[in-house]
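Participant: Going left to right, the sequence shown walks through residues 0 to 134 as numbering that gives the first Met the number 0 numbers them. Beta carbons are placed, not taken as given, at the ideal position from N, Cα and C, and that holds for glycine.
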Amino acid sequence: MNTKFPEAYVNFLLESNGGTPEEDLAFDFIDIASNKKNSTDIREFYIFYPEGESSYDDIIKVNYIMKSEGLVPEECLVFADDSAGNPICMKTGGENQESIFLCDHELENANNGYLLMSKVADSFNEFIEKLYIIE
0 MNTKFPEAYV NFLLESNGGT PEEDLAFDFI DIASNKKNST DIREFYIFYP EGESSYDDII
60 KVNYIMKSEG LVPEECLVFA DDSAGNPICM KTGGENQESI FLCDHELENA NNGYLLMSKV
120 ADSFNEFIEK LYIIE
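1. Going along the chain, which residues of its own chain have a beta-carbon closer than 6 Å to the beta-carbon of Gly93, five neighbours each way excluded?
2. Go ahead and pull the three-state DSSP assignment for Glu14.
3. Counting along the chain, where does the alpha helix (DSSP H) carrying Glu128 start and finish?
4. Enumerated in chain order, which unbroken segments of the alpha helix (DSSP H) with a length of 4 residues or greater are wholly contained in the segment 37–99?
5. Does the segment 17–35 come into contact with the segment 62–69, if we say contact requires no fewer than three beta-carbon pairs (one atom in each stretch) closer than 8 Å?
6. Excluding the 5 residues flanking Lys3 on each side, which residues of the same chain have their C-beta closer than 8 Å to its C-beta?
7. Just to confirm my understanding: we take Ala32, look at its own chain, exclude 5 residues before and 5 after, and list those with CB closer than 8 Å. What are they?
Printed below as a string of structure tokens:
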């Protein structure tokens, strides 16, 4: 994976390397399909495994599958998902670089064939700041 990650995401990886949050976390966003405010949770942040090890939540494996199946653009890093199985990704290049998107695994963008992507935040820092504990 030859991608330069934003410093905030690198620091997050160095502290946690992903995994399931200790508390139930959610975030709000505007759903591009309905143009209405919606919310969802974080089921898991994907993990970078050492070479030779792998699991279903392996960030490299998940990204390989998502990109080879044409579900997300090459310039997206899928780094988490919600409990409904919707991928959460960060643009690592091009327009909206470093922005965070929720990809609806049930809807396709008619213009490009990728999963329909609703913008969540302009940066990883903003994304983390938007997270709140589900009561």
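Facilitator: If we stick to the structure as given:
1. Along the sequence shown, read from residue 1 onward, the residue named residue 93 stands at position 94. Counting only Cβ-Cβ distances below 6 Å, and skipping sequence neighbours, we find Glu74.
2. As a position in the sequence shown, residue 14 is number 15, starting the count at 1. Reduced to three states, the DSSP call for Glu14 is helix.
3. Against the sequence shown, residue 128 aligns to sequence position 129. For Glu128, the enclosing alpha helix (DSSP H) covers residues Phe123 to Lys129.
4. Annotation note: the segment 37–99 contains the following uninterrupted alpha helix (DSSP H) runs of length 4 or greater, listed N- to C-terminal: 58–67.
5. Counting Cβ pairs under 8 Å, fewer than three are found: no touch.
6. Within the sequence shown, the letter at position 4 stands for residue 3. Here the set comprises Thr91.
7. Here residue 32 refers to the residue found at position 33 when the sequence shown is read from its first residue. Hits under 8 Å: Asp103, Leu106, Leu115 and Ser117.
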